[in-house]
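The structure appears below as structure tokens.
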Amino acid sequence: LLMSTAECQQWECLESDASLTVEQRQEIYEEAQRPVLRLQTELEEIREQLRNVRDRSREWHRLKEREAKVRESRQIAQAKAADDILERMNRPRAMGAERRNGRVQVDFHGLHVEQAKKKFDELIR
Numbered sequence: 007l008l009m010s011t012a013e014c015q016q017w018e019c020l021e022s023d024a025s026l027t028v029e030q031r032q033e034i035y036e037e038a039q040r041p042v043l044r045l046q047t048e049l050e051e052i053r054e055q056l057r058n059v060r061d062r063s064r065e066w067h068r069l070k071e072r073e074a075k076v077r078e079s080r081q082i083a084q085a086k087a088a089d090d091i092l093e094r095m096n097r098p099r100a101m102g103a104e105r106r107n108g109r110v111q112v113d114f115h116g117l118h119v120e121q122a123k124k125k126f127d128e129l130i131r
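First residue of the sequence shown? That's 7 in my numbering, and the numbers climb one at a time after it.
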């Protein structure tokens, strides 16, 4: 995606043109996603416990509250992971650097489609 310099002022412009290898990109993705995956596993465990608890019991309410908290934490972790992936994918390369034509190219690899759309919208505001 190409954006004007004015639209991407928040990007650090680096001179380096070094590319990331596929392995480096995968490592960045996996590292950023670890907290999200831990929370997803916890959420699945809570949901399994809910299936084995009597509806509307004290334990059921406790688990429903925990489920809501973990779901919220997972959403926060997903947003942080997207920020981390975007920043790290663009840091070591010419991505994010201003081109001669005054445009900035940004790499959204590693983001889910909805995350990439959201980040794109945030960048052009």
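For every residue, glycine included, the Cβ atom is placed at its ideal position computed from N, Cα and C. Every value quoted in this text rests on a predicted model; they were computed, and no experiment measured them.
For residue i, the three-state DSSP class (helix, strand or coil)
{"i": "R97", "result": "coil"}
{"i": "R57", "result": "helix"}
{"i": "R80", "result": "helix"}
{"i": "G116", "result": "coil"}
{"i": "R40", "result": "helix"}
{"i": "R64", "result": "helix"}
{"i": "R131", "result": "coil"}
{"i": "D109", "result": "Looking at the sequence shown, residue 109 is not Asp but Arg. Here R109 sits in strand by DSSP."}
{"i": "L45", "result": "helix"}
Distance between residue j and residue i (C-alpha atoms, nearest Å)
{"i": "S79", "j": "L45", "result": "7 Å"}
{"i": "R60", "j": "W66", "result": "7 Å"}
{"i": "C14", "j": "R77", "result": "In this prediction, C14 scores a pLDDT of 44, lower than 50, which makes its location untrustworthy; no coordinate-derived value is stated."}
{"i": "K125", "j": "Q84", "result": "12 Å"}
{"i": "N107", "j": "I82", "result": "36 Å"}
{"i": "R31", "j": "R131", "result": "27 Å"}
{"i": "R36", "j": "V119", "result": "It should be pointed out that residue 36 corresponds to Glu in this sequence rather than to Arg. E36 and V119: Cα-Cα distance of roughly 17 Å."}
{"i": "E162", "j": "T47", "result": "Given a span of 7 to 131 for the chain in the structure shown, any question on residue 162 remains unanswerable."}
{"i": "K123", "j": "F114", "result": "9 Å"}
{"i": "R40", "j": "R109", "result": "33 Å"}
{"i": "N58", "j": "E71", "result": "16 Å"}
{"i": "R105", "j": "R68", "result": "54 Å"}
Identity of the residue in the options nearest residue i by Cα
{"i": "E93", "options": "I34, I52, H67", "result": "I34"}
{"i": "L129", "options": "E54, V112, E120, L56", "result": "V112"}
{"i": "L43", "options": "A87, N107, I91", "result": "A87"}
{"i": "G116", "options": "R106, N96, R109, N107", "result": "N96"}
Residues of its chain near residue i, where Cβ-Cβ distance is below 8 Å and the 5 sequence neighbours each way are ignored
{"i": "E73", "result": "L49, I52, R53, L56"}
Own chain partners of residue i with C-beta closer than 7 Å, once the 5 adjacent residues on each side are dropped
{"i": "D90", "result": "A38"}
{"i": "K75", "result": "none"}
Neighbourhood of residue i by C-beta, 6 Å cutoff - its chain only, sequence neighbours within 5 removed
{"i": "Q121", "result": "A88"}
8 Å Cβ cutoff, residue i in contact with chain B
{"i": "N58", "result": "No chain B is present in this structure, which holds just one protein chain."}
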